[in-house]
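Okay, structure first, notes after.
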Amino acid sequence: IVPTIKDVDDNINIIKIGAEYKHDIVNIEVEQRWEFTDLETVRTEKNFDEGLPNTNNAKVIDEKDTFYESSQTTVKLNKTINKKLRLTGGYRYIKIDNDSETILRTLNSSGAINPGGFRKNWFDADSDSDVNSHLWNLNVLAKPIKDLTVQGFLRLKNIHRDSVSTFSNDTSPPFDNSADERHDITARTNNTTFGEGIRVAYKRIPRIAPYFEAEWQQGDIEIKEKESLSGFFQRDTDRDYDKQIYTVGMGFYPFKKFSGSVQYRKVVKKNEYDDDLDTESPTGIDPGGYSAFIDKQDFDTDIYTTRLTAHPINSITTTFRYEYRAQEIDSKMDGLSRELAHVDMQTFSGSVTITPFSNLFITSMVMHQNLRVKTRARNDQAAPTRAFEGDSTTFVNTAIFALNEKTEFSADYQASLTGNYDENNINDLGLPLEHDYTIQTLTLGVRHKIRKNTTLWSKYSLYDYDESHIADIDDYTEHLLAFGGEIRFR
1 IVPTIKDVDD
11 NINIIKIGAE
21 YKHDIVNIEV
31 EQRWEFTDLE
41 TVRTEKNFDE
51 GLPNTNNAKV
61 IDEKDTFYES
71 SQTTVKLNKT
81 INKKLRLTGG
91 YRYIKIDNDS
101 ETILRTLNSS
111 GAINPGGFRK
121 NWFDADSDSD
131 VNSHLWNLNV
141 LAKPIKDLTV
151 QGFLRLKNIH
161 RDSVSTFSND
171 TSPPFDNSAD
181 ERHDITARTN
191 NTTFGEGIRV
201 AYKRIPRIAP
211 YFEAEWQQGD
221 IEIKEKESLS
231 GFFQRDTDRD
241 YDKQIYTVGM
251 GFYPFKKFSG
261 SVQYRKVVKK
271 NEYDDDLDTE
281 SPTGIDPGGY
291 SAFIDKQDFD
301 TDIYTTRLTA
311 HPINSITTTF
321 RYEYRAQEID
331 SKMDGLSREL
341 AHVDMQTFSG
351 SVTITPFSNL
361 FITSMVMHQN
371 LRVKTRARND
381 QAAPTRAFEG
391 DSTTFVNTAI
401 FALNEKTEFS
411 ADYQASLTGN
421 YDENNINDLG
431 LPLEHDYTIQ
441 TLTLGVRHKI
451 RKNTTLWSKY
461 SLYDYDESHI
471 ADIDDYTEHL
481 LAFGGEIRFR
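Structural data, given as C-alpha cells:
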C-alpha cells in the first residue's frame with residue numbers, strides 16, 4: 001500500500017489562562033489550558049506490485065475522523081528560604097479524551113469493493129481512549145558553601161489509560177459496512193513511577209567545572225488487554241522496573257573564546273514481567289502469548305559525549321558535538337534461551353551561528369548518525385537475524401530578520417537523508433527491512449505586532465518526500481499555508 005493523495009481538514013482550538021500570586025510565605029502560579037482538535041483525513045492509495053500498477057487491488061481509500069480534547073491544570077510553588085536555600089514544587093493534572101472512527105476499503109480497477117484475501121475492508125465504528133495523568137514534584141536548590149551547588153528532587157507520577165475499540169470486517173456481500181466479523185478490544189494501563197535525584201556542581205577550580213548527577217526511578221505498570229472473537233485473547237501483566245542513571249562530567253574554559261565539555265553517563269534499567277493471566281501458550285518455537293511472553297529484559301547503556309564551542313569573532317559562534325552510545329539488551333522469554341542484542345550509535349554534529357547585524361540571525365547545523373544493531377535472535381530455525389547498519393544525515397538552516405521592532409521575517413530549510421538500503425538488501429534473511437529516503441522542508445514566515453500584547457503571523461511550508469528505490473512510487477509533496485494571531489493578557 002503506497003500513499004498518493006491525502007486530504008486533511010484540521011480544526012484546532014487552544015485556550016490558555018493563568019494567574020500568579022506573590023506572597024512572603026510562598027509564590028503561587030496557576031495555569032489552565034484546554035485544547036480541542038477535530039481532524040478529518042481521506043487518504044487515497046494506488047497499489048503497485050514491483051513498481052507496476054495492481055489491477056485487482058487498484059486502490060485503497062482510508063477515511064478517518066478523530067476528535068481530541070484535553071485539559072491541563074498546572075500549579076507551581078516556589079519559596080526562597082535564604083541566600084543558600086530555595087524550594088520549588090508543583091502539581092500537574094492532564095485529562096485527555098480521544099475518539100476516532102475509521103473506514104478502510106480496497107477497490108478493484110472498475111471501482112467496486114474487492115473482498116477477501118489480504119485486502120483491507122473493515123471499519124472501526126468506535127475507538128475511545130481516556131488518559132488521566134498526575135504529576136507531583138519537589139525541588140531543592142542549596143549552596144552550602146561558596147562555589148558548591150547541590151540540587152535534589154523528588155517526583156511522583158501516575159498515568160492511567162483506558163481504551164475501547166470495535167473493529168469490524170466487511171467480508172461478505174453486499175459490502176455495506178456491515179459487521180460480518182467483529183473484534184472488541186479493551187485495554188487498561190496504570191503506570192506509577194517514583195523518582196529521586198541529586199546533582200552536585202563545583203566551580204572553585206580555575207577554568208574547570210566538574211559535576212556529578214545521580215537519578216533513580218522505580219515503577220510499576222499494570223497492563224490489562226482483552227480481545228473477544230473466535231480467537232479469544234486476554235492478558236493481565238504486572239511489570240516492575242528499576243532504572244538508575246549516573247553522570248559525571250566537567251566543563252572547561254582554557255581560553256576566553258573557547259570552551260568545551262566532556263561527559264560519561266551510565267544507564268541501567270531492569271524490567272520484570274509477571275503475567276497473572278495469559279490465554280496464549282507456547283507451541284514449538286513460537287513463544288505464544290504475544291505480546292505477553294517476556295519474563296525479564298535488562299538494558300545496560302554507556303554514553304560518551306564531548307562538546308567544543310569557539311567564538312573566533314564576536315559575530316560568529318561554532319559548535320562541534322560527538323556522542324557514542326553502546327547498549328546491551330538481555331532478554332528472557334517463555335520457552336526460549338536468553339537473547340542478547342548489541343546496539344551502538346555514533347553521532348557527529350556541527351553548527352555555525354552568524355549575527356552580522358543586530359537584526360539578522362543566521363544559523364546552520366549538520367548532523368550525521370551511524371547506527372549498528374547485532375543480535376543472536378533468529379528469523380527462523382536455520383537463519384540468524386542479520387546485522388543492521390544504517391546512516392542518516394540531517395541539515396538545518398535558519399535565518400531570522402527583524403525589519404523593525406514590530407515586524408520579523410523568518411526562513412527555515414531542513415533536509416534528512418538516509419543511507420541504509422544498499423548495505424541491507426531487502427532479499428536477505430532476517431529483519432529489519434528498511435529503505436533510503438530524502439525529506440526536505442522549507443518554511444517561510446512573518447510576524448507583525450499590531451499592539452503591545454497582540455501579534456499576527458503567517459507561514460508557508462513546502463514538504464517533499466523522495467525515495468530512491470521501488471520506482472519512486474512513494475514520492476509525494478505537501479503544501480501548508482497558515483495564518484494566526486496571539487493575544488497576551490498580563
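First residue of the sequence shown: 1, per full-length UniProt numbering; consecutive thereafter. All residues carry an ideal CB built from backbone N, CA and C; glycine is no exception. Just so we're clear, the structure is a prediction, and the values are computed from it rather than from any experiment.
Counting along the chain, Asn190 sits inside the beta strand (DSSP E) bounded by residues 181-202. Proximity to Tyr91 across Asn158, Leu141, Val8 peaks at Asn158, based on C-alpha coordinates. In the DSSP secondary-structure assignment, Ile205 is not bridged to any residue. Per the coordinates, the alpha-carbon of Ile113 lies some 21 Å from the alpha-carbon of Asp7. Under the Cβ criterion (8 Å, minimum of three pairs), the region 255-264 does not count as touching the region 216-230. According to DSSP, residue pairing for His342 in a beta bridge involves Glu328, Lys374.
As the crow flies, the alpha-carbon of Asp162 is around 15 Å from that of His134. Counting only runs that start and end inside the region 26-102, the beta strand (DSSP E) elements of at least 3 residues fall at 27-46, 59-82. Where Asp302 is concerned, the enclosing beta strand (DSSP E) starts and stops at 294-313. Pairing Lys46 with Glu35, the inter-Cα distance amounts to about 35 Å. Taking a C-beta distance under 8 Å as the contact criterion, Thr193 and Gln217 qualify as a contact pair.
Beta-bridge partners of Phe357 (DSSP): Leu360. Shown here for Gly195: same chain residues with a beta carbon closer than 7 Å to its own, the five before and five after excluded, namely Arg155, Glu215, Trp216, Gln217 in chain order.
Counting the other CB atoms within 10 Å of its CB gives Tyr437 a total of 16 or more, which places it among the buried residues.
Straight across, the Cα-Cα distance linking Glu486 with Asp276 is about 52 Å. Collapsing the DSSP output to three states places Leu403 in coil. Note that the C-beta distance between Asp65 and Glu40 is below 8 Å. Secondary-structure assignment with DSSP links Arg321 through a beta bridge to Arg307, Ser349.
Annotated three-state conformation of Gly249 is strand, per DSSP. Assigned with DSSP and collapsed to three states, Ala415 falls in strand.
Annotated as proximal: Ile354 and Ile316, with beta-carbon spacing under 8 Å. Put simply, the region 321-336 does not touch the region 355-365. Fewer than three CB pairs are less than 8 Å apart. The secondary-structure analysis by DSSP pairs Ala142 across a beta bridge with Leu85, Val150. Segment contact: the region 442-453 against the region 407-422, three or more CB-CB distances shorter than 8 Å; contact assigned. Taken through DSSP and simplified to helix, strand or coil, Ala482 comes out as strand.
Assignment of Ser458 by DSSP, reduced to helix, strand and coil, places it in the strand class.
The continuous stretches of beta strand (DSSP E) do not include Lys256, and DSSP gives it neither H nor E. Judged by beta-carbon spacing, Lys269 lies within the 8 Å limit of Asp298, meaning their Cβ atoms are closer than that value.
Closest in alpha carbon position to Val343, among Asn191, Thr375, Lys22, is Thr375. Annotated as proximal: Arg33 and Lys16, with beta-carbon spacing under 8 Å. Between Arg307 and Arg321, the gap from beta carbon to beta carbon is short of 8 Å.
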